[in-house]
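See structure below.
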Amino acid sequence: MAAADSFRIAPLSEVMAAEIVGLDVSRPLDGETFAAVNKAFLDHQVLCFRGQNLSPDGQIAFSRLFGQVIVHDNSRYALADHQEVLVLSNDVDENGEHIGVVDAGDIWHSDLQFKPRPAKCTILYALRNPSRGGATDFTNQYLAYERLPEAMRMRISGLRGVNSISKLKNSRAPISGERKGAREFYIRQERENPDVEHPLAQVHPETGRTSLYCSPRFTYRLAGLTDEEGDALLDELVRHSGKREFRYRHEWRDGDLLMWDNRCVNHRATGGYAYPDIRLIHRTTVLDRR
Ligand SMILES: [Fe+2]
């Protein structure tokens, strides 16, 4: 059993994210240690546990400490014997087929924002990183909210963003020209995931802090406003939410276990690597309680 005083918290930037040094999360955490990790998670929004050696079972067990772990919709790329673990990779098998999701998430977003019950946290375990590229960018949406002008905070109070999985109706989320069958894909996805509304100013259920909850990938209009008014306001909010002053860039090392709080953080993949430079990541996702 790991004791709470067995690790150290080292901030990774001025705006958010911290490294947890000296904790092996493959071993069961006692209640006190979990409470300390959870507090660090709520305080820093993004946590990185370096040098982990984690089996899929170990990752699922760690993830379950934070809540309900989902089986992803994209189950084609889940591990065959661990459906909760989604593979993110540009590697291919002996038949030349991709073994994981290749190019997800290059536009700022919060995971599962298009669901009535979005993701609480996403947990990525990096087994292998490309020799260059592959960084993940994060923005602190508490700060984004707090640094909005007072008049803007008043204006968005009570307003709701409409979120969709489909890129077809979202001009802020262009579809890659290389992607075949994208239109059919999104029509199908949209049928399974009707639009959902979430408050733009969202109060965090555990910290009580308010964050700006919208993203160019999923939020495509504002409920109750004309398109003209809503588009201009959403453009402004989306631009603000991605500002450099709210950002942390994570440069991955092999063995990193990284988790972030989707309730107050947006993120995006930055790409910049190509086969045969291989990335291999195991993802688990924990649902919000709402
Ligand atoms: Fe994501």
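Residue numbers for the sequence shown follow the numbering used here, beginning at 2 and rising by one. C-beta: ideal position from N, C-alpha, C; glycine also.
- Judged by beta-carbon spacing, Q60 lies within the 7 Å limit of Y126, meaning their Cβ atoms are closer than that value.
- A Cβ-Cβ distance of about 20 Å is found for the pair R280 and W109, leaving them out of contact under the 8 Å criterion.
- V197 has its alpha-carbon roughly 9 Å from the corresponding atom of T220.
- Only exposed fits A11, as fewer than 16 other CB atoms lie within 10 angstroms of its CB.
- When the five nearest sequence neighbours on each side are left out, the beta carbons in the same chain lying within less than 6 Å of the beta carbon of R250 are those of A136, D138, in order along the chain.
- About 17 Å separates the beta carbon of N130 from that of W261, a gap too long to meet the 8 Å contact definition.
- Here the residues close to ligand 1, judged by CB distance below 5 Å to any of its heavy atoms, are G106, D112 in chain order.
- When beta bridges are read from the DSSP output, D262 appears opposite C122.
- The shortest C-alpha to C-alpha distance from P119 to any of D278, C265, S177, D107 is the one to C265.
- A check of alpha carbon separations from H83 across R192, A18, D94, I71 identifies I71 as the nearest.
- For R250, the enclosing beta strand (DSSP E) stretches over residues 248–251.
- Apart from sequence neighbours up to five positions away, the residues of its chain that approach N171 with a beta-carbon distance below 6 Å are Y221, ordered along the chain.
- In this structure A202 does not touch S242 by the C-beta definition: roughly 12 Å separates them, more than the 8 Å allowed.
- D257 is not a Cβ neighbour of C122, given a cutoff of 7 Å.
- At least 7 Å separates the beta-carbon of L213 from that of L223.
- With respect to the C-alpha of V26, the residue from L259, R269, Y146 having the closest C-alpha is L259.
- In this chain, the beta strand (DSSP E) harbouring V204 covers 202–204.
- The count of Cβ pairs closer than 8 Å, one atom from the stretch 92–100 and one from the stretch 282–290, stays below three, leaving the stretches out of contact.
- Ranked by how close their Cα comes to the Cα of E15, the residues T140, L226, R65 have T140 in first place.
- In the DSSP assignment, the residues bridged to I10 are I21.
- When secondary structure is reduced to three states using DSSP, E85 falls in the strand class.
- With fewer than 16 other Cβ atoms from the protein chains shown falling within 10 Å of its own Cβ, E229 counts as exposed.
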